[in-house]
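Remarks on the structure that follows.
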Amino acid sequence: MTDFSKLNTDKLFINGEWQDSDGGDMHAVLNPATEEVICEVVQGSVADVDRAVAAARTAFNSWRNTTAAERAAFLNAIADGMEKRKEDLIQAVSQALGCPEHITKWLHIDGPIYAVRYYAERAALMEKTEKVGHSLLIREPIGVCGFITPWNYPLHQFVGKVAPALAAGCTMIAKPSEITPLQDYVMAEIIASVGLPPGVFNLVPGAGPIVGAALSAHPDIDMVSFTGSTRAGVEVAKAAAPTVKRVTQELGGKSPLIITPDADLEAAVRWGCEDVFINSGQTCTALTRMLVPAERYDEAVEIAKKVAEEVAIGTGADAFMGPLCSQRQREIVRGYIEKGVAEGARLVTGGAEAPEGFDKGFYVKPTVFADVSNDMAIAREEIFGPVTCLIPYQDMDEAIAIANDTEYGLSSGVWAKDADSAMPVVRRIEAGLCFVNGGEFNYDAPFGGYKRSGNGREFGEAGLDEFIELKSVQLPA
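The opening position of the sequence shown corresponds to residue 0 in numbering that gives the first Met the number 0, with each subsequent residue numbered one higher.
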């Protein structure tokens, strides 16, 4: 078990040094499985943000001129450090989020390590030039960046911002969620250990309305990248607007899974339910609206019930689903379950009560609703818990209409007879991501949404593009 008391959680990491906060307030980080305090983390102030931005601005003047090979070497060294401290990273995420350790490893840690190495390879793209007629296109780093990351996939989103920014030659200030900040401290120690120049990476934890707002509005920050709720994303955009900085946002979702009439129903429903229950439903891409052919609807409901009731709950080696991240999140999810019943949806299994045997911890039962219409709150609003809604459809036109009848467009899924037969359906869905027949997340491909699910992309080469300014040089003909 990692001893988190050895982390410098009472300090900020600014200009390559662990420093005291200007404010000094502390925030308790809880283990949501036991409700016990893991440690306390300092909460930064606006003055702390100012110091961090000044350090990043000074560092940018030299960091931007490093070679791609130098930046790649730093990124690979960081990835090596993550490998060496993998157990610390697993513990940091698992203890604060509640995800079982054996799932945390592959769901939260392995992918981010791969992504750091991916961007080490892509740093060379910054030195690529392109001739367009008599013009030369040059790539340059956008500048100083502010990163606001969420609690549900904290290392995933940290790396999705920090790694491409480093590859591009940007400097940065990171603000983790107050709920899951510990992996950022481990990463700061790793970054310090590889000798990254002072000021390139800075860590200022704190409350969103204070530190997040200061980063979004700061005149010396050139770009802000935010992952979180659509409501908070709107506030970030408003704060950033007066300085006309670039804003990228990965926001909410209420994603559909269309199961076609010729699909393997058992495989499709099982995968769809597990997609919702993994990470206790706290996944922005979760396919929480399962659209099923009406003629197979009753069969699908029974399969979903069986899958939900098979889910092993807890944090042990056999557990599939841990607690929700906080008491507040548990109350939100319970409220939606109660609302679903009040709206007339049929509670097939689960419910608002704690699972049997779990008197402590912020646990909620895996929950399945049937007889759901797409105008219900449980079908329109992001619950962010282990709750899935089964909705019948008569034909594919109706399925597509239901799938697209949402303000969100982050993710989607299609389960059909095979990938080829799924593609006509995929092309009609309004979402930035689509999983076909259980396809896995790909760190080489861009991730982001349509509509109110955000703008911009993370991961893949498109994720690097977010940190690039294109300069067009007009040469003599």
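C-beta: ideal position from N, C-alpha, C; glycine also.
Quick check on DSSP: helix, strand or coil for residue i?
i: T229; result: helix
i: L135; result: strand
i: G145; result: strand
i: Q156; result: helix
i: Y362; result: coil
i: N30; result: strand
i: F446; result: strand
i: Q42; result: strand
i: D419; result: helix
i: I77; result: helix
i: W105; result: helix
i: A67; result: helix
i: M320; result: strand
i: P140; result: strand
i: K253; result: coil
i: V223; result: strand
i: T287; result: coil
i: T9; result: It is worth fixing the name first, because residue 9 is Asp in this sequence and not Thr. D9: coil per DSSP, three-state reduction.
i: L195; result: coil
i: E298; result: helix
i: F3; result: helix
i: N60; result: helix
i: P391; result: strand
i: N401; result: One point to set straight first is that residue 401 is Ile, not Asn, in the sequence displayed. Reduced to three states, the DSSP call for I401 is helix.
Return the chain-ordered list of same chain residues with a C-beta closer than 8 Å to the C-beta of residue i, the five sequence neighbours on each side being excluded.
i: G97; result: N30, P31, A32, S279, T314, G321, P322, L323, C324, G360, F361
i: F368; result: G339, A344, R345, L346, V347, I377, V386, T387, C388, L389
i: V92; result: C98, T103, H107, I108, P153, L154, T179, L181, Q182
What does a CB cutoff of less than 7 Å around residue i pick up in its chain, not counting 5 residues either side in sequence?
i: E82; result: I112
i: A51; result: I13, I172, N201, V203
i: A316; result: H101
i: A67; result: A122, A123, M125, E126
i: P391; result: V291, A293, Y296
i: I137; result: T128, K470, V472
Under 8 Å, do residue i and residue j count as touching if we go by C-beta distance?
i: L403; j: E439; result: A quick correction: the sequence has Asn, not Leu, at residue 403. No, Cβ-Cβ distance for N403 and E439 is not below 8 Å.
i: A78; j: A46; result: no
i: E39; j: M25; result: yes
i: Q248; j: N454; result: yes
i: V185; j: R121; result: no
i: F357; j: I401; result: no
i: G350; j: A307; result: no
i: V134; j: L469; result: Before going further, note that residue 134 is Ser rather than Val in the sequence given. Their beta carbons are not under 8 Å apart, which means S134 does not touch L469 by this criterion.
i: E457; j: F446; result: yes
i: L250; j: G448; result: yes
i: F319; j: V332; result: no
i: A191; j: L74; result: no
Any beta-carbon of chain B closer than 8 Å to the one on residue i?
i: E397; result: Looking at the structure shown, chain B is missing, and only one protein chain is on hand.
In chain order, what residues of the same chain lie with their CB nearer than 6 Å to the CB of residue i, ignoring the 5 residues before and after it?
i: E273; result: none
i: P163; result: Y118, G462, L463, F466
i: I89; result: E100, T103, K104, I108
i: V268; result: A299, I302, A303
i: D261; result: K416
i: S411; result: S254, P255, I428, A430, C433
i: A95; result: V28, T179, L181
i: G145; result: I172, L214, I220, V223
i: P218; result: T242
i: G207; result: none
i: I147; result: K174, G211, F225
i: A187; result: F12, L202
i: G477; result: Since the first residue of the chain shown is 0 and the last is 476, residue 477 is not available in this structure.
Whose C-alpha, out of the options, is nearest the C-alpha of residue i?
i: R245; options: I220, V41, W62; result: I220
i: A421; options: I257, E301, A351, T170; result: I257
i: E381; options: G159, A444, L409; result: L409
i: I189; options: A76, I141, V235; result: A76
i: S254; options: E69, D21, F434; result: F434
i: V413; options: G437, Y407, I401; result: G437
i: D394; options: P180, L290, D24, I147; result: L290
i: L11; options: D396, S44, T1; result: S44
i: V41; options: D21, K5, I331, D374; result: D21
i: K160; options: P196, I336, A311, V223; result: V223
i: G198; options: A444, T57, E355; result: T57
i: W62; options: G145, L195, I331; result: L195
i: T229; options: E406, Y442, V48; result: E406
i: R70; options: V210, T8, A191, C169; result: C169
i: A266; options: K305, V48, V131, D443; result: K305
i: R379; options: F3, K130, R451; result: R451
Mind checking who residue i pairs with in its DSSP beta bridge?
i: W414; result: I258
i: C272; result: DSSP lists no partner for C272.
i: D24; result: Q42
i: T282; result: None, per the DSSP bridge assignment.
i: I245; result: This sequence places Arg at residue 245; Ile is not what is there. In DSSP, R245 forms a bridge with M222.
i: Y407; result: K450
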